[in-house]
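Notes for the one structure printed next.
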Amino acid sequence: MNQPSTSSSSSSSTHSSSPIQSVLQTFESSSLVDEVRTYDVIDAKIADNDSTTLSFLAEKSAQSGAAEIYCQPKGEGDHHPTISSAIAVPVHRGGQVISVAVIALKPVSFGAGVFELWEPIGPYEEVALRGGYFAHLERFSNVSSFIRFERGSGLPGQAWASGQAVIHDDLPNHPGFLRAAGASAGLLETAIALPVLDDDVLMTVVVLISSKATPIARGYEVWNVLADKFVMEGAAYQGLDASLQLPRDTELSLNAGLPGLALEHGGATISTNAQALLAGRQCDEGTDVSETINGGLAIPTYKGETLSSVTTLMF
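Under the UniProt record's numbering, the letters of the sequence shown match residues 1 to 315, in that order.
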């Protein structure tokens, strides 16, 4: 089966021809997210380093090749005082990191949400929690710190085994989410796990867990590349109008939507372009995207030089 591939160097022409941004700062009032950024990476260094906390985190991720997390020290000032936590997710292609996506959350007083980093340990195929942000959810944090997931087991293990993002919705009742009791107590509803892979080597599994009251995103979608099209593998939505929600197996051409922008750009991509955000969705011509989706983030996953899937978040 023929699949699209991209060169290992980022093409500057895609920046000028596509509706691509590097920073997103406009969200719904209930959103837990404060800011989203993407960085291109050249020779293990991020482009456009503005010496902020988020750029430092992205640089650290670009150099380590693993996802990295920042948590605001309690009672201390910081270069970026409006955030409680941020997570950096690197994108590997052809044996090198080619871009990094960063998601930053509002202060802990705003609401609940969870970031987790899981990494392989010991001689067995298991992952353990390396770091995380749990807001005020101490019980959920304590349970997570002691648990281990085998490859294929639990949300982190499933993402590892599948080699692509996995979504669990309705966490308190989801049979595959092994910490359902803690999720229920913390009012957590939706989780997505994204494996960070350098070819076939697992570097980290990133897990985002979102509450209904203060969602991290309004839409989470996983798109597989099949021959000459994208096919949606799974999705979950939090507060996104039902008319904009897509059923499983929805198809997009390779030049359409957020997945198409990620393929064209060759790395993590942010866009507020209406045509990209609304691709495949049932909406009236001329729909004001600002009243539906404020922006989107696409994070591609590669096997070698070949694009295998794209994870998209809509805010």
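Just so you know, even glycine gets a beta-carbon here, dropped at the ideal spot from N, CA and C.
Review point. Which residues in the same chain as Asp169 place their Cβ atom closer than 6 Å to its Cβ, once the five residues preceding and following it in sequence are excluded?
Key: Thr190 and Ala236
Check your understanding: Between Thr204 and Leu117, is the Cβ-Cβ spacing less than 8 Å?
Key -> yes
Review point. By Cβ distance below 7 Å, which residues in the same chain neighbour Leu57 in space, the five residues on each side in sequence not counted?
Key: These residues qualify, in order along the chain: Glu68, Tyr70, Ala86, Ala88 and Val102.
Exercise for review: Would you mind working out which of Thr312, Arg281, Gly295 and Ser211 sits nearest Pro259, comparing C-alpha positions?
Suggested key: Thr312
Practice item. Let me know if residue 345 comes out buried or exposed under the rule of 16 or more other beta-carbons within 10 Å of its beta-carbon. Key: Outside the modelled stretch of the chain, which goes from 1 to 315, sits residue 345, for which no answer is possible.
Check your understanding: Near Glu150, which residues of its chain fall below 7 Å by C-beta distance, leaving aside the five closest residues on each side in sequence?
Key -> Cβ neighbours of Glu150 beyond the five flanking positions: Glu125, Glu126 and Gly157.
Review point. Between which two residues does the alpha helix (DSSP H) carrying Ser61 extend?
Key: Counting along the chain, the alpha helix (DSSP H) containing Ser61 begins and ends at Thr53 to Ser64.
Exercise for review: Enumerate in chain order the residues of its own chain whose CB-to-CB distance from Trp160 is below 7 Å, with the five nearest sequence positions on each side excluded.
Suggested key: Val127, Arg151, Pro195, Leu202 and Val205
Review point. How should Leu226 be labelled, buried or exposed, when 16 other C-beta atoms within 10 angstroms of its C-beta is the threshold for buried?
Key: When all chains shown are included, Leu226 counts as exposed.
**Study point:** Backbone secondary structure at Arg148 - three-state DSSP
**Key:** strand
Practice item. Answer yes or no: the CB of Ile270 versus the heavy atoms of the ligand MG, is any distance below 7 Å? Key: No copy of the ligand MG occurs in the structure displayed, which carries no ligand at all.
Check your understanding: When burial is assigned at 16 or more other CB atoms within 10 Å of the CB, is Arg248 buried or exposed?
Key -> exposed
Exercise for review: Return the CA-CA distance between Gln275 and Ile121, expressed in angstroms with no decimal places.
Suggested key: 43 Å
Exercise for review: Count the other CB atoms, across all protein chains shown, that sit within 10 Å of the CB of Ser10; report buried if there are 16 or more and exposed otherwise.
Suggested key: Only weak support exists for where Ser10 lies, its pLDDT of 38 falling under 50; the coordinates are left without a value.
Review point. What is the DSSP secondary structure of Ala88, reduced to helix, strand or coil?
Key: strand
Review point. Taking the continuous alpha helix (DSSP H) assigned at Leu261, which residues delimit it?
Key: Gly257 to His265
Check your understanding: Which residues share a DSSP beta bridge with Ile46?
Key -> Ile46 pairs with Val41.
Practice item. Note down the Cα distance separating Asn224 from Ser153, rounded to an integer number of angstroms. Key: 21 Å
Review point. Would the beta-carbon of Gly95 fall within 8 Å of that of Ser211?
Key: no
Review point. Do Ser141 and Gly132 have their CB atoms nearer than 8 Å?
Key: yes
Point to revise | CB contact flag (Val100, Ser61, <8 Å) | key: yes
Point to revise | Strand pairing of Leu24, partner residues [DSSP] | key: Val36
Exercise for review: Write down every uninterrupted run of the beta strand (DSSP E) in the region 185-235 whose length is 3 residues or greater and which is fully enclosed by it, in chain order.
Suggested key: 188-198, 201-211 and 219-226
Check your understanding: What span of residues does the beta strand (DSSP E) with Leu313 cover, start to end?
Key -> Leu313 -> beta strand (DSSP E) spans Thr306 to Met314.
Point to revise | Alpha-carbon to alpha-carbon, Leu263 and Asn255 | key: 8 Å
Check your understanding: Where does Gln275 sit, in a helix, a strand or coil, going by DSSP?
Key -> In the structure shown, Gln275 sits in a helix (DSSP, three-state: H, G or I).
Check your understanding: Whose CA, out of Ala47, Ser22 and Ser30, lies closest to the CA of Pro215?
Key -> Nearest option by C-alpha distance: Ser30.
Review point. What's the call for Asn294, buried or exposed, on a 16-neighbour Cβ count within 10 Å?
Key: Buried.
**Study point:** Nearest neighbour of Gln245, chosen from Leu278, Leu297, Asp228 and Leu197 [CA to CA]
**Key:** Leu278
Exercise for review: Within its chain, find whatever has a CB closer than 8 Å to the CB of Ser308; leave out the 5 residues flanking it on each side and keep chain order.
Suggested key: Gln3, Gly163, Gln164, Asn224, Val225, Thr301 and Tyr302
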